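Student: Residue numbers (this note's numbering): 741 to 951. Positions of the beta carbon are idealized from the N, C-alpha and C atoms, including for glycine. Given the structure is predicted, the values throughout are model-derived calculations rather than measurements.
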Ligand code: PRP
């Protein structure tokens with residue numbers, strides 16, 4: 741059978757994707773969370789799993805190094821790649837992309853400074869709202885930026901809101917709802933149709949069972 745490579749990412753997406761994969765009868769041959777390996781075989785001899793940084797999943801799928809991947813909609817919006825289809829919204833790892841400010845921030849006229857790891861999403865959002873902004877790229881702990889006066893606002897994902905609250909920030913504008921999506925390399929969708937279609941069908945059934 742043709743080899744199928746599925747790209748995943750550690751963290752909350754993996755935690756919520758593994759039970760779905762198990763229901764779709766794709767079970768890693770060892771515990772991913774406690775291993776430093778990056779490639780895992782599964783109970784299905786022709787299916788292997790890659791563990792990547794989330795931001796790299798669309799790149800691997802776009803260039804065909806992986807046939808399929810599971811990535812957050814936030815990553816897909818930010819990377820804006822093509823070369824892949826997005827056939828399934830898994831409805832897991834749900835959160836929202838929001839802007840946030842210090843709870844005691846005074847409204848500021850004119851150009852503001854926005855700190856985020858989602859530079860492209862943020863640029864588009866502020867442009868659409870006709871607000872002039874400069875952007876500072878950060879890789880994490882965005883919530884610190886307004887507290888230390890590095891930025892006026894941040895753009896980040898919000899789930900429970902606990903991280904914002906714990907750091908004295910409040911949400912302001914909703915940018916997009918986020919959940920995990922299955923993406924498929926366009927060429928592989930044709931050349932490996934039977935194998936990929938069977939995985940997509942199994943995932944859809946697994947999702948229905950969960951509802
Ligand atoms: C995300 C995000 C916030 C937090 C929001 O970080 O950057 O810090 O989750 O979740 P909450 O609303 O439930 O508090 P994550 O834990 O994914 O780590 P990251 O900073 O590496 O993205």
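Is residue 898 close to ligand 1? I mean its beta-carbon at under 6 Å from any heavy atom of the ligand.
Tutor: On the chain shown, position 158 is the one that residue 898 refers to. Flag set: Cβ of residue 898 near ligand 1.
Student: Taking only three categories from DSSP, how would you classify residue 969?
Tutor: Examination of residue 969 is not possible in this model, given that the chain is present from 741 through 951 alone.
Student: If you count every other CB in all the chains shown that lies within 10 Å of the CB of residue 807, and 16 or more means buried, which is it?
Tutor: Here the question's residue 807 lines up with position 67 in the chain shown. Residue 807 should be labelled buried.
Student: With a floor of 3 residues, list each beta strand (DSSP E) that falls wholly inside the stretch 790-859, ordered by position along the chain.
Tutor: Runs of the beta strand (DSSP E) inside the stretch 790-859: 808-812, 824-829, 835-842 and 852-856.
Student: Ligand 1 heavy atoms versus the CB of residue 903: any closer than 6 Å?
Tutor: On the chain shown, position 163 is the one that residue 903 refers to. Within the cutoff, so yes.
Student: If you follow the alpha helix (DSSP H) that residue 935 is in, where does it begin and where does it stop?
Tutor: Translated into positions along the chain shown, residue 935 becomes position 195. Its alpha helix (DSSP H) spans residues 933-950.
Student: Could you compute how far the alpha carbon of residue 862 sits from the alpha carbon of residue 875?
Tutor: The residue given as residue 862 occupies position 122 in the chain shown. The residue given as residue 875 occupies position 135 in the chain shown. One C-alpha to the other measures close to 8 Å.
Student: Which partner residues of residue 922 appear in the DSSP bridge assignment?
Tutor: Counting from one through the chain shown, the residue named residue 922 turns up at place 182. Per DSSP, 810 and 828.
Student: Across which residues does DSSP place residue 781 in a beta bridge pair?
Tutor: Here residue 781 is taken as the residue at index 41 of the chain shown, counted from 1. Note: residue 781 sits in a beta bridge opposite 788.
Student: Would a C-beta distance cut-off of 7 Å place residue 747 and residue 809 closer than the cut-off?
Tutor: Taking the chain shown and counting its residues from 1, the one referred to as residue 747 is at position 7. Taking the chain shown and counting its residues from 1, the one referred to as residue 809 is at position 69. Closer than 7 Å, so yes.
Student: Helix or strand or just coil, what does DSSP make of residue 914?
Tutor: On the chain shown, residue 914 is found 174 positions in, with the first residue counted as 1. Three-state result, residue 914: strand.
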